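See structure below.
This is the structure we're talking about:
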């Protein structure tokens, strides 16, 4: 049996469109989950976030916990559940251990503030002294009871 070339072309085009739509959906989901996580890290309770986004408290909890298991420090590579705290920048994460141990040296592009200045070089990102100090303050503030 010979396949109809016209139908085959339609199927290929639909497959390509489906893959592109799935990719866009995956990106949108990742952005949504990251936004929920950022809201939580900024001090929003899971219940407040759930109510504001018209979702269940349990779903917010799942997103936050899943992020802790899958996110990792861009400097040492340790997973979120292997460190005490992770500080999120616009494009990178740094753990409390790397914040404490970081030494600023060569000039580079900071992955957190986007400025060019002396930075600590990590495996996948760079961070300047100002952002290290800010991260240390946030991490120590987050560790203390409110």
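Numbering (the working numbering), first residue to last: 1 to 146.
The beta-carbon is built from N, C-alpha and C at its ideal position, and this holds for glycine as well.
Quantities reported herein were computed from a predicted structural model and do not represent experimental measurements.
Asked: If the criterion is Cβ atoms closer than 8 angstroms, does the pair residue 88 and residue 74 meet it?; Found: no
Asked: Considering only the beta carbon of each residue, do residue 139 and residue 102 sit closer than 8 angstroms?; Found: no
Asked: Counting C-beta neighbours from all protein chains within 10 Å, is the total for residue 147 16 or more, i.e. buried, or is it exposed?; Found: As shown, the chain starts at 1 and ends at 146. That puts residue 147 outside it, with no answer to give.
Asked: Between residue 98 and the rest of its own chain, which residues show a CB-CB distance below 6 angstroms, the 5 nearest in sequence each way excluded?; Found: 73, 75, 76
Asked: Compute the Euclidean distance between the alpha carbons of residue 46 and residue 8, then round it to the nearest angstrom.; Found: 48 angstroms
Asked: Measuring alpha carbon to alpha carbon, tell me which of 36, 52, 40, 114 ends up nearest residue 130.; Found: 114
Asked: To the nearest angstrom, how far is it from the Cα of residue 34 to the Cα of residue 11?; Found: 34 angstroms
Asked: Could you give the DSSP three-state label for residue 121: helix, strand or coil?; Found: strand
Asked: Taking a contact to mean a Cβ-Cβ separation below 8 angstroms, would you say residue 116 touches residue 122 in this structure?; Found: no
Asked: My output table needs one value for residue 87: the three-state DSSP class, helix, strand or coil.; Found: strand
Asked: Which word fits residue 100, buried or exposed, when buried means at least 16 other C-beta atoms lie within 10 angstroms of its C-beta?; Found: exposed
Asked: By a C-beta neighbour count over all protein chains shown, 10 Å radius and 16 as the cutoff for buried, is residue 31 buried or exposed?; Found: exposed
Asked: Am I right that residue 86 and residue 64 are in contact with their C-beta atoms under 8 angstroms? What's the rounded C-beta distance?; Found: No, residue 86 and residue 64 are not in contact; Cβ-Cβ is about 12 angstroms, not under 8 angstroms.
Asked: By DSSP, does residue 66 sit in helix, in strand, or in coil?; Found: helix
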